[in-house]
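The structure appears below as structure tokens.
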Amino acid sequence: MPGGPKPGGGPGMGAPGGHPKPPHRGGGEPRGGRQHHAPYHQQHHQGPPPGGPGPRTEEKISDSEGFKANLSLLRRPGEKTYTQRCRLFVGNLPADITEDEFKRLFAKYGEPGEVFINKGKGFGFIKLESRALAEIAKAELDDTPMRGRQLRVRFATHAAALSVRNLSPYVSNELLEEAFSQFGPIERAVVIVDDRGRSTGKGIVEFASKPAARKAFERCSEGVFLLTTTPRPVIVEPLEQLDDEDGLPEKLAQKNPMY
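What follows is the structure, encoded as structure tokens:
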């Protein structure tokens with residue numbers, strides 16, 4: 001620790017009982033051949049002014065700056081950045097909000113990759129670096145008051161995502177991505193598993209663009225698309241996405257003639 005004695009150290013260390021040893025007298029190197037090193041914070045920063053040690057630099061870092069310094073730790077290994085999964089919808093914005101003000105709302109969560117505002121309708125979109133950051137921003141900023149309004153923050157619908165069914169139990173995430181990458185760049189491909197980790201025969205493929213998703217959908221709908229040597233064509237449909245907090249919208253609910 002800065003300023004404290006080093007374990008098993010040489011001259012200058014406190015003796016048992018809390019009394020310091022007398023300083024080394026005479027020229028040359030201290031006895032034992034060891035050279036006393038300054039504490040870490042003194043090596044990398046200017047020495048304290050006369051009259052006592054100065055304030056530690058680390059203590060000046062605010063909570064926001066400390067959060068920014070650890071943004072990279074919130075990204076999973078191999079996770080692609082600035083994908084559609086990291087895109088947030090922000091509703092109920094004040095009519096006079098500026099783009100700079102909108103960005104400042106999310107400044108704590110890193111540099112945005114995409115910003116769009118529709119002032120006339122009071123909504124905007126912003127894309128952050130990772131899904132984890134977007135989840136934190138959503139949780140912290142949803143219902144935040146802003147000039148008499150309560151902001152509404154939700155994940156934006158992924159318009160280039162497809163649902164894949166009738167998958168062979170031998171299809172992995174990697175095989176699913178490799179098979180559909182012929183239609184265009186893929187942001188994420190996942191085979192859905194049950195509680196025991198076994199494939200459910202369903203998956204999700206998220207493309208980086210709508211044209212690529214449309215191409216894959218048309219190809220699989222008009223013909224037979226096989227992922228393995230097994231004659232088991234996959235079934236592809238546009239992915240219906242629901243926000244957990246919004247529940248099931250009326251337009252997606254199954255109609256019962258009895259009600």
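Under the UniProt record's numbering, residue 259 is the last one in the sequence shown; the count climbs by one each step, no gaps.
Ideal Cβ placement from N, Cα and C applies to all residues, glycine included.
Tell me which same chain residues have a C-beta within less than 8 Å of the C-beta of residue i, skipping the five on either side of it?
{"i": "A156", "result": "Q84, R87, L88, F89, F125"}
{"i": "P112", "result": "K103, F106, I126, K127, L128"}
{"i": "E99", "result": "V115, I117"}
{"i": "L141", "result": "V90, L105, F106, L151, V153"}
Kindly list the residues whose CB is nearer than 6 Å to the CB of residue i, restricted to its own chain and excluding five residues on each side of it in sequence; keep chain order.
{"i": "D143", "result": "Q150"}
{"i": "A179", "result": "L227"}
{"i": "K202", "result": "R165, I192"}
{"i": "T200", "result": "I192, D194"}
Less than 8 Å between CB atoms is the rule here; does residue i satisfy it with respect to chain D?
{"i": "V90", "result": "Although the question refers to chain D, the structure presented lacks it and comprises just one protein chain."}
Does DSSP put residue i in a helix, in a strand, or in coil?
{"i": "L88", "result": "strand"}
{"i": "F225", "result": "coil"}
{"i": "Q254", "result": "Annotation note: pLDDT 45 at Q254 (below 50); position unreliable, no value reported."}
{"i": "E237", "result": "strand"}
{"i": "S130", "result": "coil"}
{"i": "L167", "result": "coil"}
{"i": "F123", "result": "strand"}
{"i": "P145", "result": "strand"}
{"i": "F106", "result": "coil"}
{"i": "E99", "result": "helix"}
{"i": "R188", "result": "strand"}
According to DSSP, which residues form a beta bridge with residue i?
{"i": "S199", "result": "V193"}
{"i": "L162", "result": "V205, P238"}
{"i": "N118", "result": "F123"}
{"i": "Q182", "result": "DSSP output for Q182 lists no bridge partner at all."}
{"i": "F155", "result": "L88"}
Please report the distance separating the alpha-carbon of residue i from that of residue j.
{"i": "L167", "j": "N118", "result": "41 Å"}
{"i": "R104", "j": "V224", "result": "49 Å"}
{"i": "S172", "j": "K215", "result": "22 Å"}
{"i": "T81", "j": "A134", "result": "11 Å"}
{"i": "L176", "j": "K138", "result": "30 Å"}
{"i": "E101", "j": "V191", "result": "40 Å"}
{"i": "Y170", "j": "D195", "result": "17 Å"}
{"i": "H158", "j": "P231", "result": "30 Å"}
{"i": "G120", "j": "P94", "result": "10 Å"}
{"i": "L162", "j": "R147", "result": "39 Å"}
{"i": "V164", "j": "E174", "result": "14 Å"}
{"i": "K108", "j": "T229", "result": "49 Å"}
{"i": "V205", "j": "E218", "result": "14 Å"}
{"i": "R198", "j": "G110", "result": "36 Å"}
{"i": "S79", "j": "S130", "result": "Just to set this straight, residue 79 is Glu in the shown sequence, not Ser. For E79 and S130, the distance between alpha carbons rounds to 8 Å."}
{"i": "A189", "j": "E222", "result": "22 Å"}
{"i": "L239", "j": "D96", "result": "35 Å"}
Going along the chain, which residues of its own chain have a beta-carbon closer than 7 Å to the beta-carbon of residue i, five neighbours each way excluded?
{"i": "C220", "result": "V234, V236"}
{"i": "N92", "result": "G122, R149, Q150, L151, R152"}
Does at least one heavy atom of the ligand GTP sit under 7 Å from the Cβ of residue i?
{"i": "R147", "result": "Only the bare structure without any ligand can be found here, which leaves the ligand GTP out of the picture."}
State whether the segment 197-214 contacts the segment 174-186, with contact taken as three or more CB pairs (one from each stretch) at a distance under 8 Å.
yes
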